[in-house]
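Asker: Residues in the sequence shown are numbered consecutively from 1, following our numbering. In this text, a Cβ means the ideal position worked out from N, Cα and C, and glycines have one as well.
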Amino acid sequence: QALSFINGLPVKQRLPPEDAAGGDGDASEGGRPRASALLRGEWLLGLTSSGSAHSFAPSDASLQLRGSGSFESLAPGTIGLVQSSGTYKLDSSAKPVELSLCLEVDSCRLGPLPLPVLGRSSESRVVLLDALMCVTQMGSSSEYTVYVRPSMRAAGEDD
């Protein structure tokens with residue numbers, strides 16, 4: 001219910017504001033440099049939710065988004081954590097007020113074993129983004145993914 005509530009909030013309460021200059025940024029930032037800066041860094045996969053089913057992730061599951069536009073993730077698979085890497089970009093072209101995170105997978109591994117790359121890309125709508133939490137929704141489905149910062153501090157925040 002909480003994820004549905006968040007999804008119903010106005011965009012300005014869920015996402016960082018666009019820059020005062022109109023949100024101009026390079027293509028990798030999707031015209032939203034503040035959102036891009038907030039997304040960079042390490043995120044722990046907290047849980048996934050689909051309808052009334054919730055699945056809590058293993059403590060090693062994570063998503064690392066680098067400033068260079070590359071990503072690396074460790075996500076639960078059928079028999080272990082699947083390591084994926086590739087490139088990412090933010091997209092706000094479909095709906096200027098909304099934001100999507102597009103992951104283009106270049107390689108997948110299960111431990112030392114390479115896996116075939118099935119479905120090379122995925123696009124998730126960013127439902128909530130702040131310095132400590134990121135919630136995404138897969139397409140128009142009711143499948144949500146919740147990420148949190150490892151230290152519950154924004155990336156680059158000093159002690």
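Which residue marks the beginning of the beta strand (DSSP E) containing G8, and which one marks its end?
Answerer: Careful: G8 lies outside any beta strand (DSSP E), inside the alpha helix (DSSP H) at A2 to G8.
Asker: Does A61 come out as helix, strand or coil in the three-state DSSP assignment?
Answerer: coil
Asker: Does the structure place the segment 53 to 63 close enough to the segment 71 to 78 that three or more beta carbon pairs sit under 8 Å?
Answerer: With three or more CB-CB distances shorter than 8 Å, the segment 71 to 78 counts as touching the segment 53 to 63.
Asker: What are the partner residues of Q137, as DSSP defines its beta bridges?
Answerer: R125 and Y144
Asker: Assuming S100 and S85 are in contact, meaning their beta carbons sit under 8 Å apart, how far apart are those beta carbons, in whole angstroms?
Answerer: Not a contact, Cβ separation roughly 20 Å.
Asker: For S140 and P112, I'd like the C-alpha separation in whole angstroms.
Answerer: 34 Å
Asker: With 16 other CB atoms within 10 Å as the buried threshold, where does F5 fall?
Answerer: exposed
Asker: Does the distance from the C-beta atom of L110 to that of Y88 stay below 8 Å?
Answerer: no
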